[in-house]
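Take a look at the structure set out below.
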Amino acid sequence: MDLKLMSQPYTIRLFVPDGNPDDLKIIDKMNWTGVGLEVSRDSWSKHRARPEFNQAGVYILVGYEEADDLPTVYVGQGDGVLSRIDAHEKEKDFWDRALTFVSSNGGLNRAHITWLEWALIKKAAEASRCKLANGNTPKEPVLTESEKADTRQFLNEILSVLPLVEIRLFEKATIIKATDNALVQKATTLDTIIVPAQQDGFNEVFVGENCWYAIRIGGGKLKDIKYIAAYQTAPVSAVTHFAQVESIEPYGDGGKYKLNFTAPAQKIGPITYGNAKQGMMQSPRYTTHERLINASSLDDLFPN
Numbered sequence: 025m026d027l028k029l030m031s032q033p034y035t036i037r038l039f040v041p042d043g044n045p046d047d048l049k050i051i052d053k054m055n056w057t058g059v060g061l062e063v064s065r066d067s068w069s070k071h072r073a074r075p076e077f078n079q080a081g082v083y084i085l086v087g088y089e090e091a092d093d094l095p096t097v098y099v100g101q102g103d104g105v106l107s108r109i110d111a112h113e114k115e116k117d118f119w120d121r122a123l124t125f126v127s128s129n130g131g132l133n134r135a136h137i138t139w140l141e142w143a144l145i146k147k148a149a150e151a152s153r154c155k156l157a158n159g160n161t162p163k164e165p166v167l168t169e170s171e172k173a174d175t176r177q178f179l180n181e182i183l184s185v186l187p188l189v190e191i192r193l194f195e196k197a198t199i200i201k202a203t204d205n206a207l208v209q210k211a212t213t214l215d216t217i218i219v220p221a222q223q224d225g226f227n228e229v230f231v232g233e234n235c236w237y238a239i240r241i242g243g244g245k246l247k248d249i250k251y252i253a254a255y256q257t258a259p260v261s262a263v264t265h266f267a268q269v270e271s272i273e274p275y276g277d278g279g280k281y282k283l284n285f286t287a288p289a290q291k292i293g294p295i296t297y298g299n300a301k302q303g304m305m306q307s308p309r310y311t312t313h314e315r316l317i318n319a320s321s322l323d324d325l326f327p328n
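Here our numbering is used: the first residue of the sequence shown is 25, the next is one more, and so on.
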């Protein structure tokens, strides 16, 4: 079944009842019979008495497990979501915010919310931008043709709201073909990103998977990236490998990216610290491919 969201212009309204957008936001759209609530875990006890949480609806818990790059997500539903989120507050440690979607006119029943839960789990699994805390993906619930049409429209409304509260985990990442950018670049373009890599990650991912992920890249630089090089941290403390980038795609939901290589990384150098200040490179830096190929020290990569 195709759950693709059709693009069309729309307006949403955000209401912050207590003046603190980090605690609670109420979200609605013109001509939509639904309403969304985003509540932080820290303020759940403060806002759990709101009447919307006693209605039938679907909810999404979002947060990070310790040391994970990808967010963890749990999708659930309930005839009244209050008791479900109360239980998750005690039983699930990962989440730090919950998004709940209910009907403003009481139009959602158990069949509708079960279908919405199934559809959101399916989309999250297909997008592969999070760790799903749900168990096995359930089978599609049976709805009549008219019920499915109405519920699919409600889903589309949810999906149109989520990116505006910084949740993109239910949409497939748009891939940028980095090799296409080579045709318009100048020799002076900073087309190479140098990333620090610890030994385990370097061996398992940079060399083992022919990619590198969870990298923060400024939006203005995305169009220029054509190569990636790995600076292995201590005890190596040198740039040792590089690869041409085939494509770039968003990774997770926090402004990070995954770079896929056209081929396995090649050895280079090692390019060590020259007269540069000793220490570990702690964040990505940019240079040109020409400098990378000809460098003998980090001074050559990042001239003042």
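Glycine is no exception: its CB is placed at the ideal position from the N, C-alpha and C atoms.
For residue i, write down the residues that DSSP places opposite it in a beta bridge.
i: aspartate 52; result: Arg37
i: valine 263; result: Tyr255 and Ile295
i: glycine 58; result: Ser127
i: tryptophan 119; result: Gly87
i: proline 274; result: Tyr281
i: threonine 311; result: Thr216
i: cysteine 235; result: Asn284
i: serine 321; result: Thr296
i: glutamine 268; result: Tyr251
i: isoleucine 155; result: The residue asked about is misnamed: residue 155 is lysine in this sequence, not isoleucine. BP columns for lysine 155 point to Thr96.
i: glutamine 32; result: Paired residue(s): none; glutamine 32 is not in a bridge.
From residue i to residue j, what does the alpha carbon distance come to, in whole angstroms?
i: isoleucine 191; j: threonine 124; result: 13 Å
i: leucine 283; j: cysteine 235; result: 6 Å
i: serine 307; j: glutamate 141; result: 39 Å
i: alanine 202; j: glycine 279; result: 18 Å
i: cysteine 154; j: valine 97; result: 7 Å
i: tyrosine 310; j: glycine 60; result: 41 Å
i: aspartate 324; j: threonine 198; result: 34 Å
i: proline 220; j: phenylalanine 326; result: 15 Å
i: isoleucine 145; j: proline 294; result: 46 Å
i: asparagine 158; j: glutamate 62; result: 20 Å
i: glutamine 32; j: alanine 143; result: 21 Å
i: isoleucine 50; j: histidine 71; result: 12 Å
i: glutamine 177; j: asparagine 129; result: 15 Å
i: asparagine 318; j: glutamate 181; result: 53 Å
i: arginine 134; j: aspartate 110; result: 19 Å
Which same chain residues, not among the five before or five after residue i, have their C-beta less than 6 Å away from its C-beta?
i: aspartate 47; result: Ser64 and Ser67
i: arginine 74; result: none
i: leucine 207; result: Interpretation of leucine 207 is limited by its pLDDT of 49, a score under 50 that renders its predicted location unreliable; the figure taken from the coordinates is listed afterwards. Result list for leucine 207: empty, nothing under 6 Å.
i: aspartate 277; result: Pro95, Arg192 and Leu193
i: aspartate 241; result: According to the sequence shown, residue 241 is isoleucine rather than aspartate. Around isoleucine 241: Tyr281.
i: glutamate 171; result: none
Relative to the C-alpha of residue i, which residue among the options is closest?
i: glutamate 270; options: Asp248, Asp42 and Ala258; result: Asp248
i: phenylalanine 226; options: Leu316, Asn158 and Thr257; result: Thr257
i: glutamate 169; options: His136, Pro187, Leu156 and Ala148; result: His136
i: isoleucine 108; options: Ala91, Tyr83 and Val219; result: It should be pointed out that residue 108 corresponds to arginine in this sequence rather than to isoleucine. Here the closest residue by C-alpha is Tyr83.
i: asparagine 160; options: Leu167, Ala148 and Glu171; result: Ala148
i: aspartate 174; options: Glu89, Trp56 and Glu164; result: Trp56
i: tyrosine 237; options: Val260, Phe285, Leu214 and Val263; result: Phe285
i: valine 105; options: Tyr255, Phe77 and Asn129; result: Phe77
i: valine 260; options: Asn180, Lys172, Gln222 and Leu38; result: Gln222
i: aspartate 93; options: Ile239, Thr312 and Tyr255; result: Ile239
i: alanine 262; options: Ser320, Gly100 and Asp224; result: Ser320
i: leucine 289; options: Leu322, Glu314, Val229 and Thr296; result: Contrary to the premise, residue 289 reads as alanine rather than leucine in this sequence. Measuring from the Cα of alanine 289, the nearest candidate turns out to be Val229.
Considering only residues of the same chain and omitting the five flanking positions on each side of residue i, which have a CB-CB separation below 8 Å?
i: leucine 246; result: Ile200, Ile272 and Tyr281
i: tyrosine 34; result: Lys53, Met54 and Ser184
i: tryptophan 119; result: Arg65, Leu85, Val86, Gly87, Thr96, Tyr98 and His112
i: alanine 287; result: Asn234, Ala267 and Gln268
i: glycine 102; result: Ala80, Gly81, Tyr83, Arg108 and Ile137
i: proline 274; result: Arg153, Arg192, Ala197, Thr198, Lys280, Tyr281 and Lys282
If I measure Cβ to Cβ from residue i and keep anything under 7 Å in the same chain, skipping five residues before and after, which residues do I get?
i: leucine 132; result: Ala80, Gly81 and Val126
i: leucine 188; result: Ile36
My parser needs the alpha helix (DSSP H) runs of 4 or more residues fully inside the region 61-116; what are they? 68-71 and 105-115
What beta strand (DSSP E) runs, 3 residues minimum, are completely inside the region 170-231? 216-221
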